[in-house]
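Residue numbers (the numbering used here): 20 to 398.
Note that the Cβ used here is the ideal one computed from N, Cα and C, for glycine as well.
Computed from a prediction, not measured in an experiment: that's the story for all the values here.
These notes concern the structure reproduced below.
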């Protein structure tokens, strides 16, 4: 079969165009892959830079973040007082005085029991060690038999290694440094919180002026008000829940004749502000104190059992019923945020994990391009 002379050049041109399109598509795909790789690397490097800055700047960022969260909680109260003609300075001063007064009353009430518990810590640890040695005596006997067999089979040339002693820094110096850092952090937080309350909506008004359109201004105000509402609802509900949890645990410990049930109820309430870690710490403290207090192991384990049961009821029934779906966050995200916050900023960082996640979720819900992030943050 012969091809017409007019058709052959057209076929060749079509083949050339096909090859060119294939090469262009391949180059375009490679360019897109390279661009995506560069973008991912930039995001990772930016995240690492931000985390590094947050870690080294924690003496400033931690009090500032805590003050902002507290101001978001208390600002509706100042606004309500202002609607009755009370100036921001007076309203903020009243709330500040109430907070300090509550703190002074709590410290005064719990100081004596706390000092008694701290004074008994060495005796408690010794008692726990003795009790655990008694519980584990069968295992130690088995281990001793294994050591004797090793000594019998050891060659004469083998020698025990030389002991190594590590010099530890003085505990008193570390405690003084830590106490000084906490006092400075609390002072800065309270000062920033007070001035943020006094300023009222001044920073919000300045932020609104930066929005180019009326719709953007309205969205900024709506987002900030939603953050205030959700943060206030969360901390208010969780404070009420923690108070009830502390009362329930304190009563349960009083029934089993656990020492200082009032103090341990307050400790349980405070630990419940820490996601996941509070439960682990509280259970361990209850177990150690129970073993040191009671002769019988089943009796000693009643305290951590009461603690676990009360926390299970709170986490699965009470808290979801009070908070609702608007603050229903992904547990995996909460765990990761608590771990990251604890690594960056310690105990306070773990406390701030959930409020910061709530703020992030509201912002992501308000910005259309960030809706996928809000989906991952929700349960």
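Following the continuous alpha helix (DSSP H) through residue i, name the residue where it begins and the one where it ends.
i           : result
residue 261 : 233-274
residue 346 : Element bounds for residue 346: n/a, residue is neither H nor E.
residue 90  : 77-102
residue 224 : 221-229
residue 328 : 321-332
residue 282 : 280-290
residue 389 : No alpha helix (DSSP H) contains residue 389, which DSSP labels as neither H nor E.
residue 307 : 296-312
Name the one or two DSSP bridge partners that residue i has.
i           : result
residue 397 : 348
Among residues of its own chain, excluding the 5 on either side of residue i, which ones have a beta-carbon nearer than 6 Å to its beta-carbon?
i           : result
residue 77  : 364
residue 328 : none
residue 56  : none
residue 280 : 269, 272 and 273
residue 254 : 92
residue 257 : none
residue 208 : 82, 85 and 86
residue 341 : 256
residue 245 : 381
Expressed to the nearest angstrom, what Euclidean distance is found between the alpha-carbon atoms of residue i and residue j?
i           : j           : result
residue 83  : residue 265 : 29 Å
residue 101 : residue 296 : 39 Å
residue 292 : residue 388 : 32 Å
residue 138 : residue 285 : 19 Å
residue 354 : residue 376 : 11 Å
residue 271 : residue 331 : 15 Å
residue 215 : residue 96  : 13 Å
residue 383 : residue 235 : 15 Å
residue 194 : residue 133 : Per-residue confidence for residue 194 stands at a pLDDT of 48, beneath the threshold of 50, marking its modelled position as unreliable; no derived number is given.
residue 190 : residue 299 : In this prediction, residue 190 scores a pLDDT of 45, lower than 50, which makes its location untrustworthy; no coordinate-derived value is stated.
residue 393 : residue 259 : 27 Å
residue 241 : residue 52  : 39 Å
residue 289 : residue 397 : 25 Å
residue 401 : residue 227 : Because residue 401 is not part of the residues shown, which for the chain are 20 to 398, the question remains open.
residue 124 : residue 262 : 16 Å
residue 386 : residue 362 : 29 Å
residue 237 : residue 243 : 10 Å
residue 316 : residue 223 : 58 Å
residue 360 : residue 247 : 21 Å
residue 135 : residue 304 : 16 Å
residue 116 : residue 339 : 32 Å
residue 199 : residue 370 : 20 Å
residue 66  : residue 294 : 23 Å
residue 54  : residue 62  : 12 Å
residue 307 : residue 219 : 47 Å
Within 10 Å of its beta-carbon, does residue i have 16 or more other beta-carbons around it, so buried, or fewer, so exposed?
i           : result
residue 333 : buried
residue 367 : buried
residue 212 : buried
residue 11  : Residue coverage of the chain in this structure runs from 20 to 398, which leaves residue 11 outside it and unanswerable.
residue 326 : buried
residue 201 : exposed
residue 233 : exposed
residue 86  : buried
residue 314 : exposed
residue 462 : In the structure as shown, the chain starts at 20 and stops at 398, and residue 462 therefore has no counterpart that could be examined.
residue 106 : exposed
residue 350 : exposed
residue 104 : exposed
residue 204 : buried
residue 357 : buried
residue 287 : buried
Below 7 Å CB to CB, which residues in the same chain sit around residue i once its five sequence neighbours on both sides are set aside?
i           : result
residue 89  : 212
residue 93  : 114 and 216
residue 111 : 97, 213, 216 and 217
residue 267 : 329
residue 80  : 73
Please confirm whether residue i has its beta-carbon closer than 8 Å to some beta-carbon of chain D.
i           : result
residue 257 : Protein chain content of the structure displayed is limited to a single chain, and chain D is not contained in it.
Leaving aside the five residues before and after residue i along the sequence, list all residues of the same chain whose C-beta is less than 8 Å from its C-beta, in chain order.
i           : result
residue 302 : 323, 326 and 327
residue 348 : 373, 376, 377, 380, 396, 397 and 398
residue 390 : 383 and 384
residue 309 : 277, 318, 319, 320, 321, 322 and 323
residue 239 : 223, 226, 227 and 230
residue 251 : 91, 92 and 95
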